[in-house]
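Residue numbers (the numbering used here), protein chains in the order written: chain A, 1 to 222; chain B, 1 to 737. Glycine is no exception: its CB is placed at the ideal position from the N, C-alpha and C atoms. Worksheet: one structure, shown below.
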Amino acid sequence: MKSAVVVFPASNCDRDAAVALEQVTGQKPTMVWHADTELPDVDLVVLPGGFAHGDYLRCGAMAALSAIMRDIKAKAEKGLTVLGICNGFQVLTEAGMLPGALMRNARLKFVCRPVGIDVQESQSLFSRKYESGQRITLPVANGVGNYFADDETLDRLEGEGRVVFRYAESDNPNGSMRSIAGILNQKRNVLGLMPHPERVCDPLLGGTDGRPLFESLLESLS
Amino acid sequence: MTGESTVTPEIVREHGLSDEEYGRIETLLGRSPNLVELGVFSVMWSEHCSYKSTRAHLRRLPTKAPWVLQGPGENAGVIDIGDGDAAVFKMESHNHPSFIEPYQGAATGVGGIMRDVFTMGARPIAMMNALRFGAPEHEKTRHLVAGVVAGIGGYGNCMGVPTVGGELNFHRSYNGNILVNAMCIGLARADRIFLSAAKGAGNPVVYVGSKTGRDGIHGATMASAEFSEDSREKRPTVQVGDPFTEKLLLEACLELMETDAIIAIQDMGAAGLTSSSAEMASKGGSGIELDLDRVPQRETGMTAYEMLLSESQERMLAVLKPGCEDQAERIFRKWELDFAVIGATTDTGRMVVRHQARIVADIPVHALSEEAPVYQRPLVRPPVQSDESSFDPSRPVFDALLKLIGSPDLCSRRWIWEQYDWSVMADTVQWPGGDAAVVRVHGTNKALAITTDVTPRYCKADPFEGAKQAVAEAWRNLSAVGAQPLAITDNLNFGNPEKPGIMGEISACIDGIAAACRALEFPVISGNCSLYNETKGEGILPTPAIGGVGLLRDVHRMATFAIKREGDAILLVGETKGHLGQSLYLREIEKAESGAAPPVDLECERRNGDFVRALVESGAVDTVHDLSDGGLLIALAEMAMAGGIGVSITRDIQRDPIPFFFGEDQGRYLVATRRSEAERLIRDGREAGVTVDFLGIACGDKIEAMGLGAISVAALRRAHEEWLPAYMGAEELTPTN
């Protein structure tokens, strides 16, 4: 499986994503600068966490208009697999590649802590190595992770099995509607999630519950 | 030469210079300074930049060891951590700005210390902090806590550098002067350290980063005076942080440092362009010429005075090898930063500044640095407090424990550290809340342990013993996780040094630090002084915050304080005499801030720490907690809460439980080990001259002691977690959905 990690000027989980990808797939991903116009030939693109362009205005709004995003959007429409983590999820919603929006956390504070996550859907490229209904623990680290969409959209996401990750009951760290932590696009080749699976792929760091996500991708895309 | 306006005695006073100092400037120049020159002298000779009150005393600190690669005097200190790797670190205060504008004050404090570290060629890998606020009931405290914590998070989180720990105290002496001390630790190659000496003539001086604006003018002067009623009017001297630009600056600088283009580099911190250029020239033994018309400017019509004294953030000054300008410019343009050649080094030994084709300042460099005043201010050693500390011996110990564990100085700091991204960079092995934070050295099997410590009430009662204790506690915290302590950075926060009593505190604290550093082979490699922490004549508790760094050779041989197994034996290492003087028990339960500070026997400290560290390194022990604030029973409760396992105390302490459980004797640890190992550990301790006593057994869901009752771990946890969120709750807005 060949992968790439996009680097925006203030991405700061790009290295973490690259390390996790290399650990699980055995292959170093290509780091792609946001101003590049074309992706290398890869099976997976990761939009990492961070603050893209400082995100003083709407998170990910400027990144969504970057040169590389044009190519990513076009290729995703043809089936390229795209994973957006945290700021990457924000970029995907801003780019219109995923429905809804991420707003400031309900408590209006940044929150960084391990959170219980229920895997809702193991039928996806990203989650086949988890069991549906499995309770895992992933860290969140966001100030703007409060997922919002209108009821119709939310019903549709749920009805089509596109809510892959949900915060465990009474463990919703940011006020996300229906406790949504991660969703798929309609073609199921684009996943955005707020928690950070790349930070828990090594037992020394407090868990390995993030590994199956990358193992799922390896199995799906090899 | 042009001077903008004439200098009058009133203007001199407004610049915080004494008549004597002004006379000295005239002698050094051989004429009267113009206004621009006066401004330059006033910031360079300010307490903040010149250390004029403390310089003579700081010379007493030990700064050398075989593993020290760079001691005090550079942007940050550097230690060798093996395999060609170096750790670069420093702690710095941003007290005055944080009181005036807590969010931006704290944020720019974080930004400033990060620049100090990456200007040395290191990638920042962890942030720590040491915070002091006024009494919880003081009207401003809640607002200041909320702002400072958000500011630290806002800057550090965007930079993608984990904030991994820190410390926090509340005390009324900080009501009008909070302390915000931020520490940054970076990682570099030992043979790729960048320094600030601008050696050689004819080399281009380049300005990179943000544009210069009118913000923060005279911040260094503000930090060198007491606050008065009108301190809020000083808000315009507080800078505004832009972590996005800093992130770009970090990446661009590290990229440039991969090349061979840099001769010297220095961040523009306090006193901005003035101090960075003067210090680089001074250290390099050269002169420097600047053309202010080439400085990237955020607004039009700025005067030379404003540009030289601006403290706009996220800026750096570098001296490049001639011919490397284009290569450097390409890197900074890629990161969308300003880049301008604004001058050159010279062999004249003078700092010459041009603006609009006229010379606006012409000053011998040595006059700004080496010739800056150094004062032996009068000092009186304050009396050591040793009054009687009485207590009611009949109080139930577990009631006191419950009260203490939920008190402002001992309760959980979760509310704070959950606002910091502590797990970014995916190397944080010990999270906030432990004895020391531990971050892995990326891609290796070793790790750095980091801690910040000081107990200001001890320093007030006895500045010498209190400062010793601060160093000893840092050393103990690092040993408790299994790390070899290597070096410290110090952040000396005190009141007005022109008062002999305060100067006496400063001098005694420096002696205490020096004594502990020497005995523990734990040198000072960087530091910062923050004086004049007074409002309306009332000073803070003496607060020499110590940031300690240690090395774990094998990150898998590391201890945490959570009890891990039912049935483990709990052993107490070190001697318990029951010293209640200056304890939190007396303060919180008996409402008495009284007694002598606990003495530190440095030889015993060293013996006990070496013994505990060896247990962790050998793999025999994975559960250790140092004993500090609150004493033994607090430490035991923390171990139980973290592990979710109770303890049955089997040792008989019914006779005099309060001093035993709540005394703050130094040099002690609690260790949990398999029961079968306990006898051997006690014997090994005896052979090594270390007192090791059997205390009890890990079991069940409560802490109990024979004849003294019990308390459930759940009740302790509730009290421990409750106070801070409830206190801060009044600051929170109601969620909208």
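* Sequence-distant residues of the same chain with beta carbon closer than 6 Å to Leu738/B, five excluded per side -> The requested residue 738/B is not part of the displayed model; chain B covers only 1 to 737.
* To do: Let me know if Ile706/B comes out buried or exposed under the rule of 16 or more other beta-carbons within 10 Å of its beta-carbon.
  => Indexing the second sequence from 1 puts residue 706/B at position 706. This sequence places Met at residue 706/B; Ile is not what is there. Flag for Met706/B reads exposed.
* DSSP three-state call for Arg674/B: helix, strand or coil? -> The count along the second sequence starts at 1 and reaches residue 674/B at position 674. Coil, per DSSP.
* Asked: Is the number of C-beta pairs between the region 701-716 of chain B and the region 680-687 of chain B that are closer than 8 Å three or more?
  -> no
* **Span separating the alpha-carbon of Val524/B from that of Ala487/B** => By one-based count along the second sequence, residue 524/B stands at place 524. By one-based count along the second sequence, residue 487/B stands at place 487. Taking the straight line from one Cα to the other gives about 6 Å.
* To do: Entirely within the region 315-394 of chain B and at least 3 residues each: give me those beta strand (DSSP E) ranges in chain order.
  => 315-320, 338-346, 350-355 and 358-364
* **C-alpha gap between Pro598/B and Val68/B, whole angstroms** => Counting from one through the second sequence, the residue named residue 598/B turns up at place 598. Counting from one through the second sequence, the residue named residue 68/B turns up at place 68. Roughly 31 Å separates the two Cα atoms.
* Nearest to Glu388/B by CA position, among Ser618/B, Leu670/B, Gly595/B and Ile589/B, is which residue? -> To locate residue 388/B, count along the second sequence from 1; it is residue 388. The option with the nearest alpha carbon to Glu388/B is Gly595/B.
* Buried or exposed for Leu733/B, please, with buried defined as at least 16 other CB atoms from any protein chain shown within 10 angstroms of its CB. => Locating residue 733/B in the second sequence gives position 733, where the first residue counts as 1. Confidence at Leu733/B is low in this model, with a pLDDT of 43, below 50, so its placement is unreliable and the value that follows should be read with caution. Burial call: exposed.
* Asked: Are at least three pairs of beta-carbons, each pair with one atom in the region 411-424 of chain B and one in the region 530-542 of chain B, less than 8 Å apart?
  -> no
* Three-state secondary structure (DSSP) at Glu687/B? -> As a position in the second sequence, residue 687/B is number 687, starting the count at 1. Residue state, collapsed to three classes: helix.
* Asked: Does the Cβ of Gln27/A have 16 or more other Cβ atoms within 10 Å, making it buried, or fewer, making it exposed?
  -> What you label residue 27/A is simply residue 27 of the first sequence in a count that begins at 1. Result: exposed.
* Can you list, in chain order, the residues of its chain whose CB lies under 8 Å from that of Gly84/B, leaving out five sequence neighbours each side? -> Sequence index remark: in the second sequence, residue 84/B carries index 84 (1-based). Around Gly84/B: Arg189, Ala190 and Asp191.
* Between the Cα of Leu179/B and those of Pro136/B, Met307/B, Ala252/B and Val148/B, spot the shortest distance and give me the residue it belongs to. => For the purposes of this step, residue 179/B is identified with residue 179 of the second sequence, where counting begins at 1. For Leu179/B, the nearest C-alpha among the options comes from Val148/B.
* **Partner residues on chain B for Pro195/A, Cβ-Cβ distance less than 8 Å** => Here residue 195/A refers to the residue found at position 195 of the first sequence. By Cβ distance, chain B contributes nothing, its closest Cβ being about 11 Å from Pro195/A, past 8 Å.
* Closest Cβ-Cβ distance between Phe339/B and chain A: below 9 Å? -> Stepping through the second sequence from its first residue, residue 339/B is reached at position 339. By this cut-off, Phe339/B is not an interface position.
* **Phe244/B - partner residues in DSSP beta bridges** => Here residue 244/B refers to the residue found at position 244 when the second sequence is read from its first residue. Answer is none; Phe244/B lacks a bridge partner.
* Does any CB atom of chain A fall closer than 9 Å to the CB of Tyr375/B? -> In the second sequence, counting from the first residue as 1, residue 375/B sits at position 375. Answer no: the Cβ-Cβ gap between Tyr375/B and chain A never drops below 9 Å.
* Asked: Relative to the C-alpha of Thr623/B, which residue among Ile262/B, Ala344/B and Gly434/B is closest?
  -> Mapped onto the second sequence, residue 623/B falls at position 623. Checked all of Ile262/B, Ala344/B and Gly434/B; the closest Cα to Thr623/B is Gly434/B.
* How many angstroms separate the CA atom of Thr345/B from the CA atom of Ser286/B? -> In the second sequence, residue 345/B corresponds to position 345, counting from 1. In the second sequence, residue 286/B corresponds to position 286, counting from 1. If you take the alpha carbons of Thr345/B and Ser286/B, they lie about 7 Å apart.
* Anything in chain A within Cβ reach of Tyr420/B, meaning under 7 Å, just list it in chain order. => Taking the second sequence and counting its residues from 1, one reaches residue 420/B at position 420. Near Tyr420/B (Cβ distances below 7 Å), the residues of chain A are Cys112.
* Asked: Would DSSP call Arg653/B helix, strand or coil?
  -> Numbered from 1 along the second sequence, position 653 holds the residue referred to as residue 653/B. According to the sequence as given, residue 653/B is Ile; it is not Arg. Of the three classes helix, strand and coil, the one that applies to Ile653/B here is coil, per DSSP.
* Asked: Are there 16 or more other CB atoms within 10 angstroms of the CB of Asn445/B, so buried, or fewer, so exposed?
  -> Within the second sequence, numbered from 1, the residue matching residue 445/B stands at position 445. With fewer than 16 Cβ atoms within 10 Å of its Cβ, Asn445/B is classed as exposed.
* Thr8/B, DSSP secondary structure in three states -> Looking up residue 8/B in the second sequence gives position 8. Under the three-state reduction of DSSP output, Thr8/B falls in the coil class, being neither helix nor strand.
* To do: Show which residues of chain B have a CB atom less than 8 Å away from the CB atom of Pro139/A.
  => If you number the first sequence from 1, residue 139/A lands on position 139. Neighbours of Pro139/A on chain B, chain order: Ser423.
* **Under 9 Å by beta carbon: chain A residues contacting Cys158/B** => Taking the second sequence and counting its residues from 1, one reaches residue 158/B at position 158. Result: Ala10, Asn12, Gly50, Phe51, Gly54 and Asp55.
* Mind checking which residues open and close the alpha helix (DSSP H) that includes Ala26/B? => In the second sequence, the residue the question calls residue 26/B occupies position 26. A small correction: the amino acid at residue 26/B is Glu; Ala does not occupy that position in the sequence shown. Where Glu26/B is concerned, the enclosing alpha helix (DSSP H) stretches over Asp19 to Leu29.
* To do: Would you tell me roughly how many angstroms separate the C-alpha atoms of Ser122/A and Leu193/A, rounded to the nearest one?
  => Position 122 of the first sequence, counted from the start, is the residue given in the question as residue 122/A. Position 193 of the first sequence, counted from the start, is the residue given in the question as residue 193/A. Their backbone Cα atoms lie some 15 Å apart in a straight line.
* **Cβ-based contacts, 9 Å cut-off: residues of the region 248-260 of chain B near chain A** => Leu248 and Glu251
* What are the boundary residues of the alpha helix (DSSP H) that includes Val549/B? -> On the second sequence, residue 549/B is found 549 positions in, with the first residue counted as 1. Counting along the chain, Val549/B falls outside any alpha helix (DSSP H), though it belongs to the beta strand (DSSP E) covering Thr543 to Leu552.
* To do: Output the distance between the C-alpha atoms of Arg115/B and Glu152/A, rounded to the nearest integer angstrom.
  => For the purposes of this step, residue 115/B is taken as the residue at position 115 of the second sequence. For the purposes of this step, residue 152/A is taken as the residue at position 152 of the first sequence. C-alpha separation (whole angstroms): 48 Å.
* Asked: Any C-beta of chain A sitting closer than 9 Å to the C-beta of Ala107/B?
  -> Taking the first residue of the second sequence as position 1, residue 107/B is located at position 107. For Ala107/B, the answer is no, since every Cβ of chain A falls outside 9 Å of its Cβ.
* **For Lys90/B, the residue or residues it bridges with in DSSP** => Your numbering for residue 90/B matches position 90 in the second sequence. For Lys90/B, which the question treats as bridged, DSSP gives the partners Cys184/B.
* Asked: Closest by CA to Gly501/B, which one among Ala281/B, Val671/B, Ala620/B and Arg381/B?
  -> Here residue 501/B refers to the residue found at position 501 of the second sequence. Ranking Ala281/B, Val671/B, Ala620/B and Arg381/B by Cα distance to Gly501/B puts Arg381/B first.
* When the Cβ atoms of the region 162-169 of chain A are set against those of the region 58-65 of chain A, are three or more pairs found closer than 8 Å? -> Judged by Cβ distances under 8 Å, the region 162-169 of chain A makes no contact with the region 58-65 of chain A, as fewer than three pairs qualify.
* Going straight from the alpha carbon of Ala340/B to that of Asp421/B, what length do you get? -> Walking along the second sequence from the start, residue 340/B turns up at place 340. Walking along the second sequence from the start, residue 421/B turns up at place 421. If I take the Cα positions, the gap works out to 34 Å.
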